[in-house]
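A.B. asks:
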Amino acid sequence: MGGTSSKLSKDLLSEYQELTFLTKQEILMAHKIFSELQDKENGPYSARVSMEKVFTLPELKSNPFRKRICQVFSTSDLKDGSLSFEDFLDLLSAFSDSATLEIKSHYAFRIFDFDDDGTLDARDLEKLVNSLTGETDDTRLTGEEMKQLIGNILEESDIDKDGTVNLSEFQHVISRSPDFVSSFKIVM
Amino acid sequence: MPRHKLIASESDVSIEVDEGKDNEFSLYYVEVEENSKGGKEKQATRDGKRRRERNGEVNRRRASEKRSTEMGDKRAERKHEKHHKTTRKEGEKHRKRPRRRSADEEEAEKESSKEKKNIKNERTKTIKLEDEKEKDVKKKRKKHVKNEEDDANPGKTKQKDCQEVALKEKKKKRKKPETTSESESQSESNSDSESKDNPAVGVLGSLTPEELEKLKEAVDERKKLITTLKGKPWPMKKKLVILRESQEFVEKYEGALGKGKGRKLYAYKVLMMKKWMKFQRDLDNFKTACIPWEMKIKEIESHFGSSVASYFIFLRWMYGINMILFGLTFGLVMVPEALMGKPYGSMPRKTVPRVEEASAMNFAVLWDFGGYAKYSVLFYGYYNNQRAIGWLKFRMPLSYFLVGVGTVAYSYMVVIRTMARNANEEGGGDDTSFNFSWKTFTSWDYLIGNPETADNKFASITTSFKEAIVEEQESRKDDNIHLTRFLRVLANFLVLCCLAGSGYLIYFVVRRSQKFALEGLENYGWWERNEVNMVMSLLGMFCPMLFDVISTLENYHPRIALQWQLGRIFALFLGNLYTFIIALMDAIQLKRAEEEIVKKNMTIWQASLYNGTVPDNSTALPITVHPADVPRGPCWETMVGQEFVRLIISDTMTTYITLLIGDFFRAVLVRFLNNCWCWDLEYGFPSYSEFDVSGNVLGLIFNQGMIWMGAFYAPCLPALNLLRLHVSMYLQCWAVMCCNVPQERVFKASGSSNFYMAMLLVILFLSTLPAIYTIVSIPPSFDCGPFSGKNRMFDVIQETLETDFPAWIGKVFSYASNPGLVLSFLLLLVLAIYYLQSTSKTYKRVNMELKKKLQTQNEENKKKNKLAALKAANELEQAKKAGEQCSNSASDLGVNEESSSIDEAGHRRQAGQNGRLIHPSQSHHTQNSEPPVSSTHTTTRPPASRGHTASGHLPGHPQKNAHSNRR
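Taken in sequence, the protein lines are chains F and H. So the first sequence is residues 78 to 265, counted in the working numbering. So the second sequence is residues 2 to 968, counted in the working numbering.
1. Taking its Cβ as the centre, do 16 or more other Cβ atoms sit within 10 Å of H:Ile702, making it buried, or is it exposed?
2. Less than 7 angstroms between C-beta atoms, sequence neighbours within five positions excluded: which residues of the same chain meet that for H:Val742?
3. Quick one: Cα of F:Leu114 to Cα of F:Val126, how far?
4. Given that a residue counts as buried once 16 or more other Cβ atoms are within 10 Å of its Cβ, and exposed if not, what is F:Ser260?
5. With 16 as the cutoff for other CB atoms within 10 Å, does F:Tyr93 come out buried or exposed?
6. Bridge partners of H:Glu691, per DSSP?
7. Taking 8 angstroms as the threshold (C-beta atoms), are F:Pro135 and H:Ser514 in contact?
8. Less than 7 angstroms separating the Cβ of H:Lys600 from some heavy atom of the ligand SAM?
9. Measuring CB to CB, does H:Trp439 end up less than 8 angstroms from F:Pro141?
10. Taking H:Glu468 as the query, report the chain F residues whose CB atoms sit under 7 angstroms from its CB, ordered along the chain.
11. Tell me which residues share the same chain as F:Ser170 and place their Cβ nearer than 7 angstroms to its Cβ, disregarding the 5 neighbours each side in the sequence.
12. Is DSSP giving H:Val631 helix, strand or coil here?
13. Which residues in chain H sit within 7 angstroms of F:Leu105, going by Cβ to Cβ distance?
14. Would you verify that the beta carbon of F:Phe132 is, or is not, closer than 8 angstroms to some beta carbon of chain H?
15. In this structure, what does DSSP give as the bridge partners for H:Asn423?
16. So, helix, strand or coil for H:Leu403, using DSSP?
17. Cutting at 6 angstroms between CB atoms, please list the residues of its own chain near H:Cys785, excluding the five before and the five after it.
18. Would you say F:Ser139 reaches chain H, if we count a Cβ-Cβ gap shorter than 8 angstroms as a contact?
19. Does the Cβ of F:Arg253 have 16 or more other Cβ atoms within 10 Å, making it buried, or fewer, making it exposed?
20. Relative to chain F, which residues along the stretch 282-315 of chain H have a C-beta separation below 7 angstroms, given in chain order?
21. Express the C-alpha separation of H:Asn697 and H:Met760 in angstroms, rounding to a whole number.
22. Buried or exposed for H:Gly405, going by 16 or more other Cβ atoms inside 10 Å?
23. Can you round the beta-carbon distance between H:Gly372 and H:Val353 to whole angstroms, since I take them to be within the 8 angstroms contact cut?
24. Please say whether H:Gly711 and H:Gly642 have beta carbons closer to each other than 8 angstroms?
25. In the DSSP assignment, find the alpha helix (DSSP H) that holds F:Lys181 and state where it starts and stops.
26. Give the secondary structure of H:Ala712 by DSSP, where H, G and I count as helix, E and B as strand, and everything else as coil.
27. For the stretch 234-249 of chain H, which residues have a CB atom closer than 8 angstroms to at least one CB atom of chain F, in sequence order?
28. Taking only runs of the alpha helix (DSSP H) that begin and end inside the stretch 192-230 of chain F, which ones reach a length of at least 4 residues, in chain order?
29. Go through its chain and collect everything with a Cβ distance to F:Ile227's Cβ below 6 angstroms, but skip five positions before and after it.
30. Might you give, ordered along the chain, the residues of its own chain that have their beta carbon closer than 8 angstroms to the beta carbon of H:Ser980, omitting 5 neighbours on each side?
31. Taking just the CA atoms, how far does H:Pro234 sit from F:His249?
32. Going by the beta-carbon positions, is the gap between H:Leu718 and H:Ile649 smaller than 8 angstroms?
33. Taking only beta-carbon atoms, is F:Gln94 less than 8 angstroms away from chain H?
34. Please classify F:Lys238 as buried or exposed, where buried requires at least 16 neighbouring CB atoms within 10 angstroms.
35. Please name the residues in the stretch 443-464 of chain H whose beta-carbon is closer than 8 angstroms to at least one beta-carbon of chain F, in chain order.
36. Any Cβ of chain H within less than 8 angstroms of the Cβ of F:Ser82?
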């Protein structure tokens with residue numbers, strides 16, 4: 078672990094504080110966690126941590142959206158969902174306590190947008206519901222129920238009736254929800 | 002699919018427009034920047050001649066630009082066009098890969114040609130053209146940045162983001178050629194080279210006030226950007242770059258702004274601002290570091306989800322409140338009395354009476370807060386009624402009274418403030434129109450980090466989905482409604498019986514304990530002495546379980562069942578508490594009767610004292626009797642305080658013991674006996690216990706209620722409570738982490754917090770009622786406590802007013818307390834409340850209406866857009882078919898004429914709906930009236946009949962149809 082990455086410079090730290098919703102302690106903590114992940118990484122040292130290693134974090138271990146979360150926050154050119162430290166900070170910032178509803182809903186939308194096409198269509202919604210109900214068959218919804226559910230969701234949220242939920246519609250729906258901000262959180 | 006595309010491209014267009022605009026403004030920035038840069042350079046070289054030259058050039062350039070904007074100079078036009086081109090390319094890039102905007106320009110250019118093909122939609126193109134025109138017009142107007150931004154789609158933050166991105170990107174790119182002195186990038190260099198024709202020109206001082214203003218605005222803009230940067234959904238790399246650039250920019254020009262003296266001041270202000278920001282950030286860091294138990298709670302949060310954590314957060318909040326209460330009573334009542342009041346043993350009320358002396362130090366007695374504990378600062382009776390104590394002339398009785406009132410007032414304030422804040426945060430949450438969407442989008446609790454909890458959550462989400470679907474279908478089969486109704490009535494009856502029984506039990510026990518107390522507690526064992534508290538605690542422990550069993554009869558939805566359960570427990574606790582208080586009131590009456598007797602005996606005793614020992618000469622010294630021997634009244638206030646303290650202690654003990662037995666030992670048994678048991682203990686009958694959030698919260702709330710009730714008579718109560726909360730924080734954290742399993746029904750924490758608060762408020766109100774009653778209507782004991790000798794406790798206020806303040810204040814107060822004035826004031830208050838309430842209602846209604854209006858307008862707009870797009874597409878299709886149709890029309894003219902007359906109604910409908918029903922009506926048409934024409938023929942040419950109507954073969958309606966279709 079190179080000397081540059083094992084310790085954050087003071088300037089960088091203050092810049093990170095400026096750019097995220099995290100406090101100094103949280104950034105240092107995140108850095109520690111990230112360095113540990115880097116240590117675990119076998120193979121040559123790199124600034125990125127692969128998605129599989131990120132999944133070993135207890136905070137993400139049981140999250141059904143962990144893959145999407147990594148993909149959304151990753152800036153990797155290979156689209157492999159690996160995270161650099163800055164991506165990791167972005168992730169924590171968006172999921173932090175003090176992040177605004179706007180940024181939270183933005184990222185939530187991107188996480189739910191499984192095919193990255195900028196809208197939530199019926200297929201995205203189906204995937205989303207399936208992630209929410211778990212992998213086991215006894216908790217899965219039947220095809221009929223799924224159809225009904227997606228129909229209802231679109232009926233409620235799809236204001237312009239184009240068959241998909243776009244970002245502004247999504248934010249409109251989310252902004253009225255009482256629980257979103259309190260549950261869209263990950264703390265390290 | 003085409004619609005979808007349309008929308009995507011529409012948003013692109015708007016992005017592009019903004020970028021285009023900004024482009025020019027960033028261009029302007031560069032100008033200014035260069036000017037000032039040149040200025041600095043010049044100041045260094047002090048070359049006056051060159052300065053004049055440059056100024057001249059600047060002016061010339063400015064003039065030429067003016068000309069160009071006014072007259073529409075060709076070169077400028079060309080330049081703009083080039084700009085638009087580049088920006089359009091960039092806009093496309095943004096659409097395609099919104100996440101990676103910071104990628105380099107060249108790649109984008111390569112891609113742009115490919116991406117251009119994506120834009121097929123005609124409408125998009127037309128819009129683009131329009132926008133470009135508009136942009137040019139705006140450019141000519143040459144407003145400054147601020148106005149421009151206001152013009153550009155207000156409220157659309159996303160676009161604004163893009164705008165800023167563009168601005169920054171341009172800026173960056175501009176800088177590069179500047180530093181490397183020769184341009185590398187092809188597209189931007191045009192504009193750059195133009196401004197480079199006149200190398201680094203102008204002085205800062207030579208800037209006109211407007212330009213300075215603009216620069217200032219730009220700096221402010223940057224500053225705003227810096228503060229809002231963290232709220233932008235961009236990758237960190239980009240944010241970092243922008244932040245550094247903006248900071249550099251701000252630093253560079255901030256000090257340069259202003260002139261002479263003002264400049265220094267400005268620089269100073271900026272510096273201080275920076276320091277202040279840093280200080281604030283450090284303070285924030287410090288504050289978060291100071292929040293106790295943060296890590297503990299976070300750990301629990303990640304294991305058990307937010308609802309269990311909400312209990313601990315509530316506990317912490319309670320702890321904070323009790324800290325304040327403790328500070329008040331400790332600092333203003335207990336410590337002054339202990340330090341400055343008369344010492345122990347100096348007077349009867351501060352001495353253990355002779356009869357109790359022998360056992361006063363026994364542990365059992367002290368545990369009950371008798372003996373020395375009873376005659377100490379911990380209880381009301383110890384305090385002296387001396388008006389001012391110590392060298393500070395501390396007004397002890399007044400302080401005691403005010404602290405009593407202050408704690409309650411503070412609690413009210415805090416609870417209500419918290420409720421208001423919660424209500425604010427939840428604002429609009431009551432809207433139930435997004436039931437399904439919320440279930441889908443917000444039901445996952447991202448804090449859950451425990452696989453077991455996650456499984457529970459999956460299951461609960463699935464059931465909630467299924468339930469919602471079933472409810473939506475409203476096909477819920479009611480199996481034997483009479484039975485369920487009967488069972489529910491039965492359950493409620495049983496619960497009522499339980500409540501009444503527990504109430505009676507408590508009343509009975511309290512009465513019995515009074516009998517014991519009259520006969521002297523010494524003759525009885527531990528159980529008799531602690532009967533009341535034990536019974537109350539046991540009831541509080543077992544009744545909820547009983548209710549839980551009963552509630553299975555009712556077959557309610559779990560959420561509703563939980564509410565019922567909470568309501569019942571609340572009723573139980575409240576009933577118990579109030580029975581206890583009523584019994585206590587009886588005890589007070591008894592004590593007061595006793596006091597009367599003691600008072601009478603006192604005079605007899607005094608007389609006998611004097612009679613027996615007074616010698617003949619009356620000038621002898623007054624007789625001194627040891628204070629322990631002086632007879633004294635029963636002091637009901639101390640009795641009340643003692644009762645509450647005992648109650649708290651026993652309550653705490655039961656809580657801890659239940660925790661140990663019910664959670665810890667159960668978990669240990671289940672874990673270790675599981676290996677040698679005939680069924681699976683872990684998943685079978687006993688299993689591990691769940692953490693009961695609502696029950697624990699209720700317990701906490703009632704505990705707090707008892708504190709509020711008793712704190713006036715036992716100043717030590719907040720301290721005790723603080724201790725209790727502190728211990729339970731650790732104990733319960735430990736218990737939860739080591740022996741509880743996550744709840745099966747995982748509820749959300751939010752939404753319930755205000756419910757808890759509301760309960761707390763109710764309890765606060767109910768617990769202040771008896772306290773106020775005793776303070777106001779029962780005269781204090783004659784020989785103990787700070788108010789002894791007074792008729793009522795609140796007389797202390799009047800006394801203070803009369804003696805410590807000038808006479809006129811007392812007069813004002815006496816006038817103010819005149820019932821006429823008080824009544825009218827009350828009336829005014831009621832009116833004000835009524836007025837405020839009605840206005841808030843009106844606001845709410847107006848708000849709702851506005852919301853509705855916005856929504857409908859939004860929908861209408863979208864519909865309109867869509868219709869327009871559809872029509873455009875239709876027309877295109879029609880035009881295409883028209884030629885085709887012309888050639889064919891001759892062949893099936895006759896047939897169509899007949900058919901269209903039959904199908905007129907269908908056409909009219911079609912027209913009314915603006916062409917939306919074209920296909921259905923056509924299929925009608927083909928099926929009903931065109932048997933001779935082969936079906937393949939018509940299906941290949943769907944708009945055939947339209948072609949007829951449009952070409953005016955039918956008189957009357959068809960003409961109209963054509964018009965409306967075209968429109």
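Think of the CB as a built atom: it goes at the ideal place given N, C-alpha and C, for glycine as much as any other residue.
C.D. replies: With the given structure in hand:
1. Here residue 702 of chain H refers to the residue found at position 701 when the second sequence is read from its first residue. When all chains shown are included, H:Ile702 counts as buried.
2. By one-based count along the second sequence, residue 742 of chain H stands at place 741. Same-chain partners within the cutoff: Glu453, Tyr689 and Glu691.
3. As a working note, residue 114 of chain F is residue 37 in the first sequence. As a working note, residue 126 of chain F is residue 49 in the first sequence. Going by the C-alpha atoms only, they are around 7 angstroms apart.
4. For the purposes of this step, residue 260 of chain F is taken as residue 183 along the first sequence, with counting starting at 1. Label assigned to F:Ser260: buried.
5. In the first sequence, residue 93 of chain F corresponds to position 16, counting from 1. Counting Cβ neighbours within 10 Å, F:Tyr93 comes out buried, since at least 16 surround it.
6. Here residue 691 of chain H refers to the residue found at position 690 when the second sequence is read from its first residue. Answer by DSSP bridge pairing, in chain order: H:Val742.
7. Here residue 514 of chain H corresponds to residue number 513 of the second sequence, with the count starting at 1. Here residue 135 of chain F corresponds to residue number 58 of the first sequence, with the count starting at 1. No.
8. The ligand SAM is not part of the structure shown, which contains no ligands of any sort.
9. Translated into positions along the second sequence, residue 439 of chain H becomes position 438. Translated into positions along the first sequence, residue 141 of chain F becomes position 64. Going by C-beta atoms, H:Trp439 is not nearer than 8 angstroms to F:Pro141.
10. Taking the first residue of the second sequence as position 1, residue 468 of chain H is located at position 467. By Cβ distance, chain F contributes nothing, its closest Cβ being about 11 angstroms from H:Glu468, past 7 angstroms.
11. Taking the first residue of the first sequence as position 1, residue 170 of chain F is located at position 93. The answer, listed in chain order, is Thr97, Phe98, Leu99 and Ala176.
12. Taking the first residue of the second sequence as 1, we reach residue 631 of chain H at position 630. Coil at H:Val631, not helix or strand.
13. Within the first sequence, residue 105 of chain F is the residue found at index 28, counting from 1. Correct list: empty, because the minimum Cβ distance to chain H is about 10 angstroms.
14. For this step, residue 132 of chain F is matched to residue 55 along the first sequence. F:Phe132 does not count as touching chain H.
15. Sequence index remark: in the second sequence, residue 423 of chain H carries index 422 (1-based). In the DSSP output, where bridge partners are listed per residue, H:Asn423 has none listed.
16. What you label residue 403 of chain H is simply residue 402 of the second sequence in a count that begins at 1. H:Leu403: helix per DSSP, three-state reduction.
17. To locate residue 785 of chain H, count along the second sequence from 1; it is residue 784. Result list for H:Cys785: Arg350, Gly382 and Cys636, in chain order.
18. For the purposes of this step, residue 139 of chain F is identified with residue 62 of the first sequence, where counting begins at 1. Closer than 8 angstroms to some Cβ of chain H, the Cβ of F:Ser139 qualifies, so yes.
19. Walking along the first sequence from the start, residue 253 of chain F turns up at place 176. Label assigned to F:Arg253: buried.
20. Arg282, Asp285, Asn286, Thr289, Ala290, Lys299, Glu302, Ser303 and Ser307
21. Locating residue 760 of chain H in the second sequence gives position 759, counting from the first residue. Locating residue 697 of chain H in the second sequence gives position 696, counting from the first residue. One C-alpha to the other measures close to 13 angstroms.
22. Translated into positions along the second sequence, residue 405 of chain H becomes position 404. With 16 or more Cβ atoms within 10 Å of its Cβ, H:Gly405 is classed as buried.
23. Position 371 of the second sequence, counted from the first residue, corresponds to residue 372 of chain H. Position 352 of the second sequence, counted from the first residue, corresponds to residue 353 of chain H. About 6 angstroms; that satisfies the 8 angstroms criterion.
24. As a position in the second sequence, residue 642 of chain H is number 641, starting the count at 1. As a position in the second sequence, residue 711 of chain H is number 710, starting the count at 1. Result yes, Cβ atoms of H:Gly642 and H:Gly711 sit closer than 8 angstroms.
25. Here the question's residue 181 of chain F lines up with position 104 in the first sequence. Per DSSP, F:Lys181 belongs to the alpha helix (DSSP H) from Leu178 to Phe189.
26. Numbered from its first residue, the second sequence carries residue 712 of chain H at position 711. Reduced to three states, the DSSP call for H:Ala712 is coil.
27. Pro234, Pro236, Met237, Lys238, Lys240, Leu241, Leu244 and Arg245
28. 199-210
29. Here residue 227 of chain F refers to the residue found at position 150 when the first sequence is read from its first residue. Closer than 6 angstroms at the Cβ level, and outside the excluded window around F:Ile227, lie Ala199 and Leu202.
30. This structure gives no information on residue 980 of chain H, because the portion of chain H shown stretches from 2 to 968.
31. As a working mapping, residue 249 of chain F is identified with position 172 in the first sequence. As a working mapping, residue 234 of chain H is identified with position 233 in the second sequence. Approximately 17 angstroms, taken between the alpha carbons.
32. One-based indexing of the second sequence puts residue 718 of chain H at position 717. One-based indexing of the second sequence puts residue 649 of chain H at position 648. The answer is yes: Cβ separation under 8 angstroms.
33. Position 17 of the first sequence, counted from the first residue, corresponds to residue 94 of chain F. Answer yes: the Cβ-Cβ gap between F:Gln94 and chain H drops below 8 angstroms somewhere.
34. By 1-based counting over the first sequence, the position of residue 238 of chain F is 161. Exposed: under 16 other Cβ atoms inside 10 Å.
35. Thr443, Ser444, Trp445, Asp446, Tyr447, Leu448, Ile449, Gly450, Asn451, Pro452, Thr454, Ala455, Asp456, Phe459, Ala460, Ile462 and Thr463
36. Reading the first sequence from its first residue, position 5 is the one you call residue 82 of chain F. Note that F:Ser82 scores 45 on pLDDT, short of 50, meaning its location in the model is unreliable and no value can be drawn from it.
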